[in-house]
Amino acid sequence: MRYAKMPRMGSRYYVLLTAYLTSSLGNWVYRLALPLLVLHLTGSALSTGVLYAIEYIPFLLLSMPGGVFADRFDRRRLLIAGDATAGVIAGCLGILVVLDVETLWPIYVAAFLLSCVEPVYHPAFQSFLPDIVPSERLGQANAWMQTGDNIMAMAGPAIAGGLVAVFGFEVTVFVNAGSFLVSGAAILLIRVQGGTEPAKAAAPHAKASFLGEIREAVRYIFKDNKVLMAGSLMFTGTNFAIWLIQANFIYYLTDYRGFEPGVIGTVLAAQGVGAVLGAAVAGRLIRRWYPGRILIATTALAGLTTLLLVPVRDPVGIAIVWGLVYALGSINPVAWFTLRQRIVPNHLLGRVVATTRMLAFASIPVAAVAAGAVESSFHDIYVLITIGALLRLLIAGLAYLSPLRRSSSAQTPAEPSPAGADK
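Residues in the sequence shown are numbered from 0 upward in steps of one, following numbering that gives the first Met the number 0.
Structural data, given as structure tokens:
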């Protein structure tokens, strides 16, 4: 099929894309501002590691319930409620900064509550996309969103660094709050006839208990769809390897390299440049090769590239290497999201998205705290960089031996097996 003959995305997709990019910009501003604030208050790498761990704990606690909500309720309304809630919480965090709170626990609590929104929001968002975009265009729709997010990743840290340097942390945090409210208002404009609940497909499961619906998703991943299991476990290991470095990266730039906030923002903005380039070619790669093979290849190449952070010490060199790592890494979400949206039945999609994401994120708090503790004890971040890079290479090798290598986004959705059935 020629690209020109494919069905159009539709205006609803572009409204959703606008909402997504608005909240994404605010989120990327926040991602730099909050760790810098914690470092400003404590000067401790361990405190920053604890912050990252706190922000990822909700993914372990709330991902599965969030998936059930996405499959039970109107996904559009869930997105609007999520944006409104996040806007209020982010606003409260901004007030704490204005009040010049000198202790960490109120900031930790606010960061935790804000992170509680995401495990409910993300499954609804990923499941909402197939409701408004034709299946043939899902790859391109995901690629455009990933490209846009990467552009925001490039602009956000630079904006955050400038805002912190000129106006302080207060304005920077309020920018994030405003972005959520704008996103919610945009999604409010989207109309989906009959709502977005997968009611017809889910009819046989309508009376299932809350825990029963969770068990159905877990059984589907681990018994009925080995590709999903392999991909989820691959991301679990990869995220551990990444966050051995990521958790200390800002501390590395400030303490080891002595960079000012403006320079840090520029270095981190380079990751957006590389990520945009990676996402820009992701759709084309998916049309040429199996998504699983793309995931494996980019993971291996990212591990090799990460090793260059050991000898490279100057701002320009670090920015280039970091950009290359993100260029490779940004291809993965496009391939993974598209594969998952196409091979999972609609009535299970919210729960599958939530469960696979929870598995993938489970290692992040462990890696963040471990990285902070190791750095505080031994003060040798180059060992952590080396370990993280080699782990990515090992994970790519193991994934090559799994069913993920033979996965294709052209596969039709695999229906779940009956409860208790052997498969």
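From the three backbone atoms N, C-alpha and C, an ideal C-beta is built for every residue, glycine too.
Quantities reported herein were computed from a predicted structural model and do not represent experimental measurements.
Find out if the Cβ-Cβ distance for the pair residue i, residue j is shorter than 8 Å.
{"i": "Leu-243", "j": "Gly-387", "result": "yes"}
{"i": "Leu-36", "j": "Ala-159", "result": "no"}
{"i": "Thr-337", "j": "Pro-402", "result": "no"}
{"i": "Phe-124", "j": "Leu-162", "result": "no"}
{"i": "Thr-297", "j": "Asn-345", "result": "no"}
{"i": "Ala-80", "j": "Pro-122", "result": "no"}
{"i": "Ile-150", "j": "Leu-15", "result": "no"}
{"i": "Gly-277", "j": "Ala-326", "result": "yes"}
{"i": "Gly-48", "j": "Val-275", "result": "no"}
{"i": "Phe-239", "j": "Val-382", "result": "no"}
{"i": "Val-333", "j": "Gly-282", "result": "yes"}
{"i": "Val-28", "j": "Val-165", "result": "no"}
{"i": "Ala-176", "j": "Ala-89", "result": "yes"}
{"i": "Thr-253", "j": "Ser-362", "result": "no"}
{"i": "Ala-157", "j": "Thr-265", "result": "yes"}
{"i": "Leu-50", "j": "Cys-115", "result": "no"}
Could you please give the first and the last residue of the uninterrupted alpha helix (DSSP H) stretch that includes residue i?
{"i": "Asn-331", "result": "330 to 342"}
{"i": "Thr-84", "result": "74 to 97"}
{"i": "Ser-23", "result": "10 to 41"}
{"i": "Ile-220", "result": "Note, Ile-220: premise wrong, no alpha helix (DSSP H); not H, not E."}
{"i": "Ser-376", "result": "362 to 377"}
{"i": "Pro-310", "result": "First-last for Pro-310: undefined, no H or E at that position."}
{"i": "Val-100", "result": "That residue, Val-100, is in no alpha helix (DSSP H); it is neither H nor E in DSSP."}
{"i": "Trp-143", "result": "137 to 166"}
{"i": "Ile-53", "result": "44 to 71"}
{"i": "Val-266", "result": "260 to 287"}
{"i": "Gly-396", "result": "380 to 399"}
{"i": "Gly-434", "result": "Any question about residue 434 goes unanswered here, given that the chain covers just 0 to 422."}
{"i": "Asp-130", "result": "104 to 131"}
Decide if residue i is buried, meaning its Cβ has at least 16 other Cβ atoms within 10 Å, or exposed.
{"i": "Glu-374", "result": "buried"}
{"i": "Trp-288", "result": "exposed"}
{"i": "Tyr-2", "result": "With a pLDDT of 41 at Tyr-2, under the threshold of 50, the modelled position of that residue is not reliable, and the figure given next carries that caveat. It is exposed - the Cβ of Tyr-2 has fewer than 16 other Cβ atoms within 10 Å."}
{"i": "Glu-101", "result": "exposed"}
{"i": "Pro-310", "result": "exposed"}
{"i": "His-378", "result": "exposed"}
{"i": "Leu-300", "result": "buried"}
{"i": "Tyr-13", "result": "exposed"}
{"i": "Trp-104", "result": "exposed"}
{"i": "Val-172", "result": "buried"}
{"i": "Glu-215", "result": "buried"}
{"i": "Leu-98", "result": "exposed"}
{"i": "Gly-328", "result": "buried"}
{"i": "Gly-86", "result": "buried"}
{"i": "Arg-423", "result": "Not covered by the structure: residue 423. The range shown for the chain is 0 to 422."}
{"i": "Glu-212", "result": "buried"}
How many whole angstroms separate the CB atoms of residue i and residue j, which I take to be in contact at a CB cut-off of 8 Å?
{"i": "Ala-268", "j": "Met-153", "result": "5 Å"}
{"i": "Ile-131", "j": "Ala-18", "result": "Actually they do not touch by this definition, with Cβ atoms about 12 Å apart."}
{"i": "Gly-302", "j": "Leu-389", "result": "7 Å"}
{"i": "Gly-93", "j": "Glu-169", "result": "6 Å"}
{"i": "Leu-113", "j": "Gln-340", "result": "So it is not a contact: roughly 27 Å between Cβ atoms."}
{"i": "Thr-304", "j": "Leu-323", "result": "5 Å"}
{"i": "Ser-23", "j": "Asp-148", "result": "5 Å"}
Is any heavy atom of the ligand GTP found at a distance shorter than 7 Å from the C-beta of residue i?
{"i": "Pro-57", "result": "The ligand GTP is absent from the structure shown, which contains no ligand whatsoever."}
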